[in-house]
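Taken in order, these protein sequences are the chains called G and L. If you're matching positions, the first sequence starts at -17 in my numbering and goes up one per residue. If you're matching positions, the second sequence starts at 595 in my numbering and goes up one per residue. C-beta: ideal position from N, C-alpha, C; glycine also. Model, not experiment: these values are computed from the prediction. Notes follow the structure.
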Amino acid sequence: MKIPLSWLRDYIDITLPPAQLIERLTLAGLEVASTRVLGLPIPEGVRVKAEERGPVWDRDKIFVAQILSTEKHPNADKLKLPTVTWGEGTQKLLVTGAPNINVGDKGQKVVLALSGSVLFDGHAAERKLSELKPTTIRGLPSDAMVCSLLELGVSENKEDHTGIILLEDDAPVGMPLADFMGDTVIEVDVLPNTARCLAMIGVAREVAAITGQKLKPLAAGMQTTDEAIAGQVNVQIEDPTLSARYAAALIKNIKLGPAPGWMQRRLLYAGMRPISNIVDITNFVMLEWGQPLHAFDYDILVQRAGGKTPTIIVRPARDGEILVTLDKQERKLSPEHLVIADTKGPIALAGVMGGLETEVTEKTKNILLESASFNFVSIRRTFRHFDLPSEASARFSRGIHPETVKPAVERAADLMRQYAGGSVCKGLVDCYPAPRPPQVVDFKIAEMDRLLGFKIEPAEAIRILQALEYDVAPPPANAGGSPYKVTVPTHRLDVQEGTADLVEDIVRIYGYDRVPTTLLSEPLPKQQANEPIVFEEKVRDILVDCGLQEVVCYALTMPEKETLLLKPQGEYANPGDVPYVTLKNPISSERVVMRQSVLASVLEIAESNLRNTDDVRLFEIGFAYVPLAGRASDGPQLPDEPRRLAIVMTGNRGQEFWEGGGAKEKQLLDFFELKGVIEALTQDLHLKDTTYQPSKAAHLHPGKSATLRAGDRRIGDFGVLHPKVAQAYNLGERTILVAEFDVEALQAATPVRFSYTPVPRFPAALRDIAVVVDEAIPAEQIESEIRIAGGELLGDVKLFDLYRGNQIPAGTKSLAYALSYQAGDRTLADKEIDKAHRKIEDRLKNVLKAVIRGKE
Amino acid sequence: MFGDKKNAMSDLASLEQRATAELSACTDEAALRAWNTKYFGNSGEVLAALKAIGGIPKEERKVYGQEANRIKEVLSKGYEEALAGAKERALNASLTANPLDVTLPGRPVARGRLHVATQIMRQIYAVFADMGFQVYRSREVESDEMNFELLNMPPHHPARDMWDTFHTTMPGVILRTHTSPGQIHVMREFFPNPIRVILPGMCYRYEAITTRSEIQFQQVEGLVIGTHVTMTDLKGTISAFARRLFGQERQVRFRSSYFPFTEPSIEVDIDWPKDDPNADRLTKGTGWLEIMGAGMVHPVVMRNGGYDPAQFSGFAFGMGPQRITMLKHAIDDIRQFWGNDLRFLRQF
């Protein structure tokens, strides 16, 4: 809502400097988003965006002037030579090409800028200030000009440079323009609960409460002729819940023309384009009172009624009814939409747009002026349906108090009398079937104190309420503790609960800067950790320690990006078969469903980063969104949101360094690099009974992938991404290492506590053992047999060599382990160690048919 | 040589002379070690001279022995000194020879990092944990009822315009537009106990993705419910938070505002440090910067959560960690967060 301060001054004297007014309004809940200053120097402390700064109208150089005569330019047909005066004894011959000045013109009031004025260049492509300098136009000297809105910085619209401004006839010749039409315009963000401030009077009421001043008396009533409206129009409201009130005034014999200059300027400053006196008056009153109005051509209504008294009917549209609206569009209606109709059919889309047939035109003589109150939900639905947002629908859809209907229509009718030559018929047809009762709420001082935590004196609180036009009745003197009865003013629809709402009004006017600060005195609630978050953070820390970078991805994706990773067993053959949480109103075709694979997200991020680097090591812990079948008994069935961990690694093992020249051979990350990370994770989480088995996941390399289990819990699959899948993700020929784990399973498998292993105080003895076994025997099994045989004395078992080749039989492999023997209470004797070591050798020979190297 | 009894003493003298001369000719540690082996090794000359005492006539043995031992002491001491000197010289030489070019780049370390969003979340958790706030998380795919209706926004309420919503194909199921539905969840779970929680998580808005707006972003909401929770507590709690996160000298300003689920509702501004070169741009010249919305829990919401507003009161607040990060580091493009460009992430 744009508020020219000159307009606001019609309703209240503003004593605060603009900067202070802006700050006070902002703190009280009417945030001033921007300020424009027209023709005046920027007031101290006021911020104007660079792109909105305009010229300052120099009081000594820019004036209201009058054309005395207009001659033809001797050398150019399009140019004219007006002579103007800007006060007694002043006269100047100008050269202008303005199309709205014609040879022979005289008497018009114009804006004159003398040489040295700084204005926007009306002909430049961009907004550029330039100084007016004496020049010669087609052989005639020119050192002054008549100005357009664009040059003055009032309008940014190029159309407003097609002609100069013609001021109203009573504009005072010789007055500096800055005094005549300079202004400061503030733009206020209006929140849903301050919809009443989509009106100058509403804002004036706020200023009154903030500054403690009184509103000036508002223009009220209308001067009418003796001809009564009664009998000339009927109004019916079919459903008072859809329209609480509908009032009409009848104005006869209007003359369509331009609105007065001051009114046009106010509309322009407030952001609306002047059109004609009738339209401008309805807009003016809408901005003044917040009540949109609509003007019908009365004679067309009579015509439609077959010459009889027209009847206005407010009703839901009938299914299939058609209305051609002002914008010449044919609108197909349904009972969802509220219409204004007559006996013949719809004539307007209530609160949203008028109909073409009944609109006011140059031929219009008599006007039926509508002022009504509509159900805001209905208006909201209708303007959304037809995508017709407007100043009117913006106001109706937030709710307007029905009490505003009458003063607004009377004000507009009276302005039509004054500025469109109309005669206003006596009275209104005011259909108000169920008047809204006054809203009375309880106000409890003790509750205010309880909510605030500090004391605002009751007298001060009540003073503020009264300044906001609440009517406050004190509680009976002898009834201790009973509430005040507070009547809500008839321009407010936002009061819902009583004391809480009143406290808001009181404290915002009292001033939040005066609210003291305290720390919570409430006893501390029972303290409990959020285990899932604690666990995730631990996993994050471990993976970061392993050198991985965390990413956080979009949860919205498209099914095609996940197909290759989901349900690899082929349960779903097509992307469309996977049930998804699917958006009804996606913003782009790439963000249509809620993801079910976190790995797909991370692969996408890997791909984008691999355009800049060869090395990525990424992980994400995030949600997947898995729809559940069926419907919950107590509402819609919401999806499961399990957490997943995804890892993607590719690139070089080491990092490039200058030492040793550039000839070093690069080592690429492989399966065991990823497994190292996973082992770090399982060890730091103290997972028990972890096993690794070849994975059957279709998206992984069949020979280079594994399934991790902890006990019988399946944690997930990891390994080298199947080359075909890697290609599908545009990852090229690289070896891509991936993992996707079920974080819920991982957390469930993580023991709540673990006991430490005492640090040995006695030295360990190291013995190596190399075994040749059949290729098919997995390393995990060998180690497990070593441990079984080694018993308590065996400490670390470390594989240090794996050999396949000529020196051992084909189909076998040799694994060499460093075993450490240790006891907690003594240094082991060689004999003990020999015995334990032999036991291991024997078990490997017997169970695995292993050959112990060096002891064949 | 030492078998010759007559010349035994003069042999000793010449041994000392020779050994001393050779010792002083040794310039480095290696030469000294060789000298040591020659004279003090297992078959070294000094040892041989000492062993030779057996062949010396009884009456001369004492003198010979004394002289041989003296020579041994002198040479051995001379050797130790020379060795220490040589080591010192070698060390001094090594300390000054071939100094490194210390401006060469260091060996790169393979680093892992938390996403900047996780880092700011942890900071926020920590500050609130110190004030006794626990973390409560609730779902992202929500019912319209939880996201709007129970938060005092019936269908078609004008306040719903404040949140552009992603609807799903399931009727009544949406992507949550804010973390506020968590308020209802936590109240229903905790009733009738007092509540002091923060509610973090991802939220979604139907908006064009631009440098200033995203379809997904995190929020951290706070909720306190009890029998003595007041507006002054709200101001105190938020001031304490703002000072922990933005600096002890920060001023906090409350502005009246509107949210359907709080009454009164406020916006919280802080004064932005004037020494930040971006201060003027960020604050649009006002010096103040909005960091969160807040208010006293609306009686309707309180009742929907199961608490009687006549007996309980509460406050709630909500902030955007991405916005806070952008302010702190002058980030001008919100798309960086989920774009996950390593060149961006590595800076935090």
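Residues of its chain near residue 380 of chain G, where Cβ-Cβ distance is below 8 Å and the 5 sequence neighbours each way are ignored: Within the first sequence, the letter at position 398 stands for residue 380 of chain G. Residues of the same chain with a CB within less than 8 Å of the CB of residue 380 of chain G, apart from the 5 flanking positions on each side, are 174, 177, 180, 358 in chain order.
Beta-carbon proximity of residue 364 of chain G to residue 312 of chain G, cut-off 9 Å: Here residue 364 of chain G refers to the residue found at position 382 when the first sequence is read from its first residue. Here residue 312 of chain G refers to the residue found at position 330 when the first sequence is read from its first residue. Not in contact: residue 364 of chain G and residue 312 of chain G (Cβ atoms no closer than 9 Å).
Delimiting residues of the alpha helix (DSSP H) encompassing residue 922 of chain L: Within the second sequence, the letter at position 328 stands for residue 922 of chain L. Segment 915 to 923, the alpha helix (DSSP H) holding residue 922 of chain L.
CB contact below 9 Å: residue 899 of chain L versus chain G: In the second sequence, residue 899 of chain L corresponds to position 305, counting from 1. With 9 Å as the cut-off, residue 899 of chain L does not count as an interface residue toward chain G.
Status (buried if at least 16 other CB within 10 Å, exposed otherwise) for residue 909 of chain L: One-based indexing of the second sequence puts residue 909 of chain L at position 315. Within a 10 Å sphere around the beta-carbon of residue 909 of chain L sit 16 or more other beta-carbons, which makes this residue buried.
Selection of the stretch 757 to 771 of chain L by Cβ proximity to chain G, strictly under 7 Å: For chain G, the residues of the stretch 757 to 771 of chain L that bring a beta carbon within less than 7 Å of one of its beta carbons are 760, 761, 762, 763, 764, 765, 766, 767, in chain order.
Cβ-based contacts, 9 Å cut-off: residues of the stretch 172 to 205 of chain G near chain L: Contacts with chain L (Cβ-Cβ distance below 9 Å) from the stretch 172 to 205 of chain G involve 173, 174, 175, 176, 177, listed in chain order.
Sequence ranges, alpha helix (DSSP H) only - wholly within the stretch 801 to 848 of chain L, length at least 4: Complete alpha helix (DSSP H) runs here, min 4: 825 to 840.
Coil, strand or helix - residue 551 of chain G by DSSP: Along the first sequence, one-based indexing puts residue 551 of chain G at 569. With a pLDDT of only 45 at residue 551 of chain G, under 50, the local geometry of the prediction cannot be trusted, and the value read off the model is given with reservation. Reduced to three states, the DSSP call for residue 551 of chain G is coil.
Neighbour flag for residue 848 of chain L against chain G, beta carbons, 9 Å: Here residue 848 of chain L corresponds to residue number 254 of the second sequence, with the count starting at 1. With 9 Å as the cut-off, residue 848 of chain L counts as an interface residue toward chain G.
Own chain, CB closer than 7 Å to residue 360 of chain G, minus 5 neighbours either side, in chain order: Locating residue 360 of chain G in the first sequence gives position 378, counting from the first residue. Answer for residue 360 of chain G: 224, 320, listed in chain order.
Cut-off 6 Å between Cβ atoms - residues of its own chain near residue 663 of chain G, not counting five sequence neighbours on either side: Locating residue 663 of chain G in the first sequence gives position 681, where the first residue counts as 1. Answer for residue 663 of chain G: 524, listed in chain order.
For residue 66 of chain G, the nearest candidate out of G/59, G/697, G/75 (CA to CA): Position 84 of the first sequence, counting from 1, holds the residue named residue 66 of chain G. Among G/59, G/697, G/75, the Cα nearest to that of residue 66 of chain G is on G/75.
is_contact[residue 554 of chain G, chain L] using C-beta, thresh 9 Å: As a working note, residue 554 of chain G is residue 572 in the first sequence. With a pLDDT of 46 at residue 554 of chain G, under the threshold of 50, the modelled position of this residue cannot be trusted, and the question is left open.
Cutoff 9 Å: residue 728 of chain L Cβ touching any chain G Cβ: Residue numbering aside, residue 728 of chain L sits at position 134 when the second sequence is read from its first letter. Against chain G, the CB of residue 728 of chain L has a partner CB under 9 Å away; the residue lies at that interface.
Endpoints, the beta strand (DSSP E) within which residue 854 of chain G is located: Because chain G is modelled from -17 through 838, residue 854 of chain G falls outside the range shown and cannot be assessed.
Sub-9 Å separation of residue 257 of chain G and residue 346 of chain G beta-carbons: Taking the first residue of the first sequence as 1, we reach residue 257 of chain G at position 275. Taking the first residue of the first sequence as 1, we reach residue 346 of chain G at position 364. In this structure, residue 346 of chain G does not lie closer than 9 Å to residue 257 of chain G by Cβ.
Inter-residue spacing [alpha-carbon to alpha-carbon] between residue 712 of chain G and residue 711 of chain L: Along the first sequence, one-based indexing puts residue 712 of chain G at 730. Along the second sequence, one-based indexing puts residue 711 of chain L at 117. Rounded to the nearest angstrom, the two C-alpha atoms are 27 Å apart.
Span separating the alpha-carbon of residue 884 of chain L from that of residue 477 of chain G: Translated into the one-based positions of the second sequence, residue 884 of chain L becomes position 290. Translated into the one-based positions of the first sequence, residue 477 of chain G becomes position 495. So the two alpha carbons sit approximately 26 Å from each other.
Alpha-carbon to alpha-carbon, residue 272 of chain G and residue 109 of chain G: Taking the first sequence and counting its residues from 1, the one referred to as residue 109 of chain G is at position 127. Taking the first sequence and counting its residues from 1, the one referred to as residue 272 of chain G is at position 290. Whole-angstrom Cα-Cα distance: 33 Å.
CB contact below 9 Å: residue 703 of chain L versus chain G: The residue labelled residue 703 of chain L in the question sits at position 109 within the second sequence. Closer than 9 Å: yes.
Cβ neighbour criterion (16 or more within 10 Å) applied to residue 218 of chain G: Here residue 218 of chain G refers to the residue found at position 236 of the first sequence. Label assigned to residue 218 of chain G: exposed.
Coarse secondary structure for residue 483 of chain G, derived from DSSP in three states: Position 501 of the first sequence, counted from the start, is the residue given in the question as residue 483 of chain G. DSSP, reduced to helix, strand and coil, places residue 483 of chain G within a helical segment of the structure shown.
Beta-carbon gap between residue 843 of chain G and residue 352 of chain G smaller than 9 Å: Outside the shown range of chain G (-17 to 838) lies residue 843 of chain G, about which nothing can therefore be said.
Beta-carbon neighbours of residue 25 of chain G, restricted to chain L and to distances below 9 Å: Here residue 25 of chain G refers to the residue found at position 43 of the first sequence. Neighbours of residue 25 of chain G in chain L, taken as residues whose beta carbon is under 9 Å from its own, are absent, since the nearest beta carbon is some 13 Å off.
Cross-chain neighbours of residue -17 of chain G in chain L, by beta carbon under 7 Å: Taking the first residue of the first sequence as 1, we reach residue -17 of chain G at position 1. Correct list: empty, because the minimum Cβ distance to chain L is about 15 Å.
Spatially closest choice to residue 704 of chain G from G/164, G/693, G/688, by CA coordinates: As a position in the first sequence, residue 704 of chain G is number 722, starting the count at 1. Cα-wise, what sits closest to residue 704 of chain G is G/688.
Spatial distance of residue 20 of chain G from residue 33 of chain G (CA atoms): Here residue 20 of chain G refers to the residue found at position 38 of the first sequence. Here residue 33 of chain G refers to the residue found at position 51 of the first sequence. When rounded, the separation of the alpha-carbon atoms in residue 20 of chain G and residue 33 of chain G is 13 Å.
Under 8 Å (Cβ pairs) to chain L, residues found in the stretch 484 to 511 of chain G: Cβ contacts with chain L: 485, 486, 489, 490, 494, 495, 497, 498, 499, 500, 501, 502, 503, 504, 505, 506, 507, 508, 509, 510, 511.
Helix, strand or coil at residue 589 of chain G according to DSSP, with G and I counted as helix: Numbered from 1 along the first sequence, position 607 holds the residue referred to as residue 589 of chain G. If DSSP states are grouped into helix, strand and coil, residue 589 of chain G belongs with the helices.
Proximal residues to residue 57 of chain G (C-beta, below 8 Å), its chain only, five neighbours per side dropped: By one-based count along the first sequence, residue 57 of chain G stands at place 75. Around residue 57 of chain G: 120, 121, 122.
Among G/674, G/660, G/661, G/708, nearest to residue 681 of chain G - alpha-carbon criterion: For the purposes of this step, residue 681 of chain G is identified with residue 699 of the first sequence, where counting begins at 1. G/708 is the residue among G/674, G/660, G/661, G/708 whose C-alpha sits nearest the C-alpha of residue 681 of chain G.
Beta-carbon neighbours of residue 830 of chain L, restricted to chain G and to distances below 7 Å: What you label residue 830 of chain L is simply residue 236 of the second sequence in a count that begins at 1. Using a Cβ-Cβ cut-off of 7 Å, residue 830 of chain L is close to 499, 500, 501 of chain G, given in chain order.
Euclidean distance between Cα positions of residue 814 of chain G and residue 834 of chain G: Taking the first residue of the first sequence as 1, we reach residue 814 of chain G at position 832. Taking the first residue of the first sequence as 1, we reach residue 834 of chain G at position 852. Straight through space, the alpha carbons of residue 834 of chain G and residue 814 of chain G are spaced by roughly 20 Å.
Own chain, CB closer than 8 Å to residue 803 of chain L, minus 5 neighbours either side, in chain order: Counting from 1 along the second sequence, the entry for residue 803 of chain L is found at position 209. If we look at residue 803 of chain L and ignore the five residues flanking it on each side, its Cβ neighbours are 809, 929.
Whole-number beta carbon distance between residue 90 of chain G and residue 148 of chain G, since they are thought to touch under 8 Å: To locate residue 148 of chain G, count along the first sequence from 1; it is residue 166. To locate residue 90 of chain G, count along the first sequence from 1; it is residue 108. That belief holds up - the Cβ atoms of residue 148 of chain G and residue 90 of chain G are roughly 5 Å apart, short of 8 Å.
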